[in-house]
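> Numbered continuously in the numbering used here, the sequence shown closes out at residue 1254.
Ideal Cβ positions, reconstructed from N, Cα and C, are used throughout, including at glycine.
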Amino acid sequence: MKRTISMVFTALFLVSVMVNIAAAASMLRWNAPEGSVVGYRIYYGLSEGNYTFSEDVGNVVEYPLSNFSLEEGTTYYFIVRAYNGEGESDNSNMVPYTVPSVLDTTPPLMPAGVTGEVVNGDIVLTWQANSELDLAEYMVYYGTAIRDYGLPAPQSGTSHTITGLTAGETYYLAVTAVDTSGNESGYSSPEVIKSIPAQITGQKLLWDAVQGEVTGYRIYYGLSEGSYTQSADAGTATEYPLADLSLTQGTNYYFVVRAYNSSGESGNSNFITTIAGEPHDSVPPTISIESPTTDASYSTGAQSIDISGSASDNEGIQEVVWTNSLGGSGTASGTTSWTVQGIPLSGGDNEITVKASDASGNQSTDTLTVSVSAPDTTAPSAPADVAGDVVSGEIQLAWTANSEPDLSGYRVYIGTSAGNYGPPASAATAEYTLSGLDTGITYYIAVTAVDASGNESTYSSPELVKAIPVGSLFGWNLKWDGVAGDVTGYRIYYGTTQGQYTQNVDVGLVTQYEMDKLSLDEGVTYYFTVRAYNSSGESGDSNIATHSIGVPIDNQAPQVAITSPTTGESYDTQSATLDIGGTASDDQNLVQVAWFNTAGGSGVATGTDSWSVSSIPLVAGENVIEVKATDGAGNESTDQFTVNYTSPDTTPPEITIMLPTSEPSYETRSAMLDMSGSASDDTGVTEVIWSNSAGGGGQATGTSSWSVTSIFLVEGQNVIQVTAKDEGGNQSTDQFIVTYTPPDTTPPEITITLPTQEIFFETEKDTLDLGGIASDPSGVKEVSWSSSAGHSGLASGTDLWRVTGIPLSAGDNVIEVKATDEPGNQGVDTLTVRYNPPLTGPPWTVLSEDGFEDSWGSYVDGGLNCHRDNKPKYAHQGEYVARLRSGEGESSSFYSAQVIDMETPGYTEMKIEFWFYPSSFESGEGFLVEYYDGNAWQLIKQYVVENEFVNYKLQHEEGVIIKESASMIFPKNMKLRFRCDASSTADIVYIDDVVVSVRGTPDVNPPSVSITSPTTQSSYTSETAVLDLAGSASDDRGVAEVSWTNSTGGSGIASGTDSWRVTGLPLKFGENVISVTATDLSGKTQTVKITVTYIPPWTVLSEDGFEDSWGSYVDGGLHCHRDNKPKYAHQGDYVARLRSNKGEASSFYSANDIDMDTPDYREMKIEFWFYPSSFESGEDFFVEYYDGSEWQVIKQYVVERDFNNYELQHEEGVIVNESASMIFPRNMKLRFRCDASATSDIVYIDDVVVSVR
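1) If we count the other Cβ atoms within 10 Å of its Cβ and call it buried at 16 or more, is Glu1191 buried or exposed?
2) From the DSSP output, in three-state form, read off Asp517 for me.
3) Determine the direct distance from the alpha carbon of Thr1094 to that of Ser1023, and round the result to whole angstroms.
4) Out of Thr1017, Asn636 and Val1040, which one is the CA nearest neighbour of Ser1009?
5) Could you give the residue range of the beta strand (DSSP E) that holds Ser1083?
6) Helix, strand or coil for Gly890? Go by DSSP, reduced to three states.
7) Leaving aside the five residues before and after Leu15 along the sequence, list all residues of the same chain whose C-beta is less than 7 Å from its C-beta, in chain order.
8) Throw me the rounded Cβ distance for the Leu243 and Lys205 pair, which I believe falls under 8 Å.
9) On a Cα-Cα basis, can you pick out the residue from Leu207, Lys518, Val257 and Ser924 that is closest to Ser225?
10) Quick one: is Met1223 buried, meaning 16 or more other Cβ sit within 10 Å of its Cβ, or exposed?
11) Below 7 Å, is the gap between the Cβ of Asp988 and the nearest heavy atom of the ligand MN?
12) Give me the residue from Ser372, Ser365 and Tyr433 with the minimum Cα distance to Asp1.
13) If distances are taken between C-alpha atoms only, which option among Thr106, Asn121 and Tyr139 comes closest to Val115?
14) Kindly indicate which three-state DSSP category Asn68 falls into: helix, strand or coil?
15) I need the straight-line Cα distance from Asp1124 to Trp1170, nearest angstrom please.
16) Does the region 1154-1164 touch the region 1196-1207, meaning 3 or more C-beta pairs lie closer than 8 Å?
17) So what does DSSP say about Asp209, is it helix, strand or coil?
18) Following the continuous beta strand (DSSP E) through Gly696, name the residue where it begins and the one where it ends.
19) Between which two residues does the beta strand (DSSP E) containing Glu1042 stretch?
20) What's the gap between the Cα of Ser779 and the Cα of Gln827?
21) Below 6 Å CB to CB, which residues in the same chain sit around Asp587 once its five sequence neighbours on both sides are set aside?
22) Run the CB neighbour count on Tyr991, radius 10 Å, all protein chains shown included, and call it buried at 16 or more, exposed below.
23) Lys480 lies in the beta strand (DSSP E); which residues open and close that run?
24) Thinking C-alpha only, which one of Met1165, Asp1081 and Ser1141 is nearest Pro1097?
25) Hey, quick one: how far does the beta strand (DSSP E) through Ile469 stretch, first residue to last?
26) Using beta-carbon positions only, say whether Thr167 and Ile197 come within less than 8 Å of one another.
27) Which runs of the beta strand (DSSP E) spanning at least 3 residues fall entirely within the region 923-950, listed in chain order?
28) Comparing alpha-carbon positions, which option in Val1063, Gly1084 and Asp1134 lies nearest Pro1007?
29) I'd like the list of long-range same chain contacts for Phe475, defined as Cβ closer than 7 Å, with 5 residues on each side in sequence excluded.
30) Excluding the 5 residues preceding and the 5 following Val1236 in the sequence, name in chain order all residues of the same chain whose CB lies nearer than 8 Å to its CB.
31) Could you tell me the distance, in whole angstroms, from the CA atom of Gly329 to the CA atom of Ile344?
32) Is DSSP giving Leu1066 helix, strand or coil here?
33) Whose CA, out of Ser1151, Asp307 and Asp1059, lies closest to the CA of Leu1102?
34) Who does Met1165 pair with in a DSSP beta bridge?
35) For Val451 versus Ser409, is the C-beta spacing smaller than 8 Å?
36) Do you know whose CA, among Val448, Val466 and Glu464, lies nearest Ser458's CA?
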């Protein structure tokens, strides 16, 4: 069976690939190569590189696929070669194609990437190309409401321009894809929304007037920068409205302006660009200079200047530029925050202007005048009269102040040799104190003066020389620790002999004292002690401090550090004693290093600079070990660390292997092993390690619950050992022996030997017996079978196996047998069994029998390569046969002389039986039986050598049967054809005794159709104006189409047949009876209906509470009043009061006409609150409407039936529907009217809400 597929292939050689899709007939297309070409040959076959068929198509660059006989469900591979007198070209690129075997009902994907752009008042839509090979075209939809489109525009490409649109209107657009079977995708999403700009109003061009003689200005404009194709003369004005130019809405234009006079035109102004019809920005930006000053002027002696500032604009700053009136210009860095560095300055006034511009050409400026004087190169005079005094180890300097007016300060230089100074110190005035000096050192000092321009004087002269005496007491203090308790103060006792203190001084409540306050003689050694005192007397002497005047005092503490067993703050040990060591140092004299333990024990270390202590006894828990270094002056310093001592652990942990086994041995066929287990210890397991006797080891994951993954095994025995360790270094092990046997990966061998050893078998039985052999080195565990018809089971036996009674389905059944060995390896063999059920149904009617003995009979020969030959050797009976050869299309065929009408008699099946004798066919060659469907020849069956027949043997086609279907239509003008498809005239098939039979029964069954969405019920209520429907349809001969109609208007064809869909079906207010009709191939129909009630949401027309006025109403007269009666109001204070029965005087009614007709409103709802009083039995009030002629009753409210007296009641909504008896005019009004017997019969009405839809 053959179908025409609407698909375009591209076969190319010497050029790049190009694929095109067309909705017309299938085409193979290629690009012509360079050079002389006589024609082209198309080669094709059933596998890439094996092109067994060819066709010379002449000098064309496309060829219809309908000219080929392609079998349904088969993949073909095509190439093209060019040829001339020299020979053939190389192959083009290869194009594969699989002929579909079923009717396509699947719609394409909806187009993606849909975008739109407004250009010159049109909308240009573009989208991404769909990838479906059977894509035919796209449909472009648009309208002025969401998903409410007019008729679509077809488009073969991926862009479309929509013209004739209305300025100021917003459009909604979408695209669908349609395939060659007519299936249409859903609308593209999201919906594209584009607005056409309103007319050009309010936009103006503005420019600055030009200095000098100017006659006028001309505006030049165009569609790109620098290309100004149109102009307008603006006269002497400096602005021009864009509405006066010939501009197209929505188009982007570029503008420049030129001044002109009698001598000609100026150059172009700066250009601006804008979109016609969009509001133009006429607001200039703002800009300000903020550094080096915010003032209008600035003075400097520098040769350049940096400036910066800020700018802003409602649409954004495009750029900031600067100019200098004395020369120079450029662009600033940044826009809203901008800077310019290194602007060159000239002597005099430099007027620097910065200008900010926005995208619309608006500009603003700021200016800074920078005055530059000639640079000052004259240095000030050197400072005079520099003198200095040594006071308390410091040198206090002073000199005569300089008189220069631009003096900025002084620099003080000091060094330890004449003229050799270090970096200077700055002094603001004519005096300075040098501190931090060393005793016994002579210093050399000079001073310079510096002015505001950075000029520096020479050194002061003569150089000042000052020495700091060695014996100075400056900086030497006597210090002591404060005493705890009641202390009034301290006294220092001192003398020249230890123990004999001849002098003392009361220093008060302090803990240090400056020795230069005491009367001490140089060169003398003094001894000092300190006593604390209070009202009860003095303490004993402190330790003695000694100092020789003239020798610097040692008040620097020594340094001491513990370096062993750690430099850290803590140390853990299980040893009962501890050795420590470290270092100590002092600038004068280190006396000793001592230690003590807060838990008990102390002593003196061995050594000082490098000291050590052995076997310090420890107690369980914390031991704070402190070492103290002391020098000859009594200065001390300490270091300490905490030692945590725990008793040693001597108990080993416990460890157990649990998985993959707790046994001592294990066997596996896996080359990698995972294991896990548990471990425990009284102090905790620190790690678990593993090892393999065959190599490998490492640390397990976890401790108390541990695991190891992916241990590599060697073939044979692997002794796996795991070891658990605790904090004390104790350890224990567990192990097991793993025997690894590599897995068997060799699949069994299995062969089907019964009913055939071939790969294909045909039968007319509905069951099949199967048998064969299987083998495997480790033994076959089982043989199983399965079929493509869904059956399966186990065979009897293994090495010799058998299956009986396999059920078959009509057509091809793929039977698979599978042999499985113990490790699970599987071997497979398959057999395709074609089950041809015995023919049933009505008897066959022979249409024609032709043995070609006397003539062609029912056929005519196709041309040169077809002949009726006297060849008894190749005939089934008689002497004559029909001979076909080569592969030259129609000339290699014979076909029906008369059309065959299958439709009128209702025939649905045809059987073609014949005998044939093939000769010399090469691999892949054969012949075809075809039928003409009214448009093109379609394939019935292809006969290929080595598949369907063998050479040099008389063979019988017992009957190829074709059935009418959706893809194989039998027309009234059907014909049959036998055609040879081989490569040379030596390839011949002789055909004899062709019998054509038909049968069929009239199609009496209509199709079935159902609606499944939005509901399976017969009715549905929608609140939206469009509806999507979906459902299914079926027929014993195929559904041709599904159509729909709406009782309120509209009809169409659904997408799909068996599974159909209708999108965007328009609804009208009220009931819409939707009829869906399925039509089968015979024209029979079936219809299903659904009643869809469209009820839109309510729109509020008016709400009136009567608080401030009558609002939407007017009072009717004497018996109607707006009263301040909160008691009777639903909310607020005021209500409308009606009483008595005086007609219009007892009513209030609409102040303005209500137009229900123009907006097509079909329903009105009146909601209100009311409080009735004193109504007697049978009395009432009305809600009415004016129909253009008279008042009609909407609802009558009767006491005791519809309401009770003296209660606030709520009318939740009386609804009135338009009908033949109730017409809504354009001048409709509403009225509330009382109909009671006396003025005491009153109804108070409040909060009247009128809604429509």
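Judging by the given coordinates:
1) exposed
2) helix
3) 6 Å
4) Val1040
5) No beta strand (DSSP E) holds Ser1083; DSSP gives it neither H nor E.
6) helix
7) For Leu15, the pLDDT reaches just 29, beneath the cut-off of 50, and the residue's location in the model is therefore unreliable, although a value from the coordinates is still provided. The residues are Pro34.
8) 7 Å
9) Val257
10) exposed
11) For the structure depicted, the ligand MN is absent and the ligand set is empty, with no information on it obtainable.
12) Outside the modelled stretch of the chain, which goes from 2 to 1254, sits residue 1, for which no answer is possible.
13) Tyr139
14) helix
15) 15 Å
16) no
17) coil
18) Segment: none, Gly696 is in no beta strand (DSSP E) and carries neither H nor E.
19) Val1040 to Asn1047
20) 12 Å
21) Pro559 and Asp632
22) buried
23) Asn478 to Lys480
24) Met1165
25) That residue, Ile469, is in no beta strand (DSSP E); it is neither H nor E in DSSP.
26) yes
27) 927-933 and 938-945
28) Gly1084
29) Because the pLDDT of Phe475 is 45, which lies under 50, any placement of that residue in the model is unreliable, and the number read from its coordinates should be weighed accordingly. Closer than 7 Å at Cβ, skipping near neighbours: Ser393, Gly394 and Asp517.
30) Checking the sequence, you will find Asp at residue 1236 rather than Val. Once the five neighbours on either side are set aside, the close Cβ partners of Asp1236 are Asn1142, Ser1147, Glu1180, Asp1181, Phe1182 and Phe1183.
31) 8 Å
32) strand
33) Ser1151
34) Val1217 and Val1253
35) yes
36) Val448
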